[in-house]
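Asker: I'd like to ask some things about the structure below.
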Amino acid sequence: MWTEAVQIFQKYMGTGLIVIWFLAALVYVLLNEKQRPKRIFFVYMPVIMLLIYFNPLFVGVFFSVVESEIYFRMWWLIPVIIVIAYAVVCICDRLRGRAKGIFAVTAVALIVLSGKLVYSNPLYSRAENSYHVPQSVVEICDAIVVPGREVMAAFPSELILYVRQYDPRVCMPYGRDDMGKYYNAFYDAMQEKDIDLEVIMPFANQTLCHYLIFRDDKEILGNPQDFGLEFFERIDGYVIYRNSNIPLEY
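Using the numbering used here, you'd call the opening residue of the sequence shown number 13 and step up by one each time.
Have a look at this one:
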């Protein structure tokens, strides 16, 4: 468990430079800050949190009570960037003339070079609407939603996280926890290369799914009509089927 905490730390470090600046800033504030409240926030609290994070006993208790996948959030409690920023401001305040400007520009450049643009992550994409979800999610949910009631719909994995953000009236038989954390036969069947209706439909009926949404590029094994599926609509690379086995009263 402790080694897993170290691995999380290594991932958090990135190139490692930002952690070096953080430790250097800690030392600087420790040696130069005289006000006790500031020393508590900028030095004592981060140091205590670091000791807690790397404490094997705490790691063991945390992993046994809470999911290990969220241990990285401990770093949210450590004001890494705030400590660096405060140290830079304090140093700038002591400098005069051109030295102040040169140091400020150099500090900013070093921080920029210590990481990479967060929007380069493939999980980020340019917003297509004011809801900041894919436009296909907006159109699919608007098409299947029924005023005055909830509907149950099975979505491909790439849409799951956005559906729950856009419209709470559209429920799903599986969610974020089923994306690799827990085994869900329905979810796994929906992610197969081909859509096997003989496998999927028992799950759809059992979970009372009113709609099934498939990627348009997937081959459907079996005749949808034989399983009670009615073509509903095709939207932006996805095909929607209405499950007539589950009544939907308007």
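The C-beta atom is built at its ideal place from N, Cα and C for all residues, glycine as well.
Below 8 Å on the Cβ atoms is my contact criterion, and I expect R181 with V211 to pass it. Report the Cβ-Cβ distance as a whole number of Å.
Answerer: In fact, because the Cβ distance is near 28 Å, the residues do not count as touching under 8 Å.
Asker: Which residues in the same chain have their Cβ closer than 6 Å to the Cβ of I20, if we skip the five residues on either side of it in sequence?
Answerer: Here the set comprises Y83 and F84.
Asker: When you compare the CB positions of D228 and Y250, do they come within less than 7 Å of one another, or not?
Answerer: Yes, Cβ-Cβ distance for D228 and Y250 is below 7 Å.
Asker: Determine, using beta-carbon pairs with one atom in the segment 30 to 45 and one in the segment 85 to 99, whether at least three such pairs fall under 8 Å.
Answerer: The segment 30 to 45, when compared against the segment 85 to 99, does touch it at the 8 Å Cβ threshold.
Asker: Short of 6 Å in beta carbon distance, which residues of its chain neighbour E151, apart from the five on each side in sequence? Order them along the chain.
Answerer: So the list reads I247, once near-sequence residues are dropped.
Asker: Helix, strand or coil for Y250? Go by DSSP, reduced to three states.
Answerer: Looking at Y250 - three-state DSSP - the assignment turns out to be strand.
Asker: Between which two residues does the alpha helix (DSSP H) containing V211 stretch?
Answerer: That run of the alpha helix (DSSP H) goes L209 to Q218.
Asker: Counting along the chain, where does the beta strand (DSSP E) carrying L224 start and finish?
Answerer: Looking at the DSSP string, the run of the beta strand (DSSP E) that includes L224 is Y223 to R227.
Asker: What do you reckon, are the CB atoms on F239 and Y253 nearer than 7 Å?
Answerer: No. Outside cutoff.
Asker: Along the chain, where does the beta strand (DSSP E) containing M202 start, and where does it finish?
Answerer: Note, M202: premise wrong, no beta strand (DSSP E); alpha helix (DSSP H) at A197 to M202.
Asker: Can you have a look at A37 and say buried or exposed, based on whether 16 or more other CB atoms are within 10 angstroms of its CB?
Answerer: Under this definition A37 is a buried residue.
Asker: Would you grab the beta carbon distance between F54 and V117 for me? Rounded to a whole angstrom, and I think it's under 8 Å.
Answerer: Contact flag wrong, Cβ pair sits at about 23 Å.
Asker: Kindly indicate which three-state DSSP category I258 falls into: helix, strand or coil?
Answerer: DSSP places I258 in coil when its eight states are reduced to three.
Asker: Please name the residue in L35, L233, E79 and W33 whose C-alpha comes closest to that of E16.
Answerer: It is E79.
Asker: So, A222 versus V163, is the Cβ gap smaller than 7 Å?
Answerer: For the record, residue 222 in the displayed sequence is His; it is not Ala. It is a contact, given that the beta carbons lie within the stated cut-off.
Asker: Can P185 and A201 be called in contact, C-beta distance under 7 Å?
Answerer: Against a cut-off of 7 Å, the Cβ pair of A201 and P185 comes out as no contact.
Asker: How many angstroms separate the CA atom of Y56 from the CA atom of A111?
Answerer: For Y56 and A111, the distance between alpha carbons rounds to 30 Å.
Asker: Are the CB atoms of I207 and I232 within a distance shorter than 7 Å?
Answerer: Closer than 7 Å, so yes.
Asker: Would you report the Cα separation of I32 and I93, rounded to the nearest angstrom?
Answerer: Cα to Cα, the separation comes out at about 12 Å.
Asker: What first and last residue would you give for the alpha helix (DSSP H) that runs through M61?
Answerer: Counting along the chain, the alpha helix (DSSP H) containing M61 begins and ends at M57 to Y65.
Asker: Quick one: grab the DSSP three-state call for I318.
Answerer: It is not possible to answer for residue 318, since the shown part of the chain is limited to 13 through 262.
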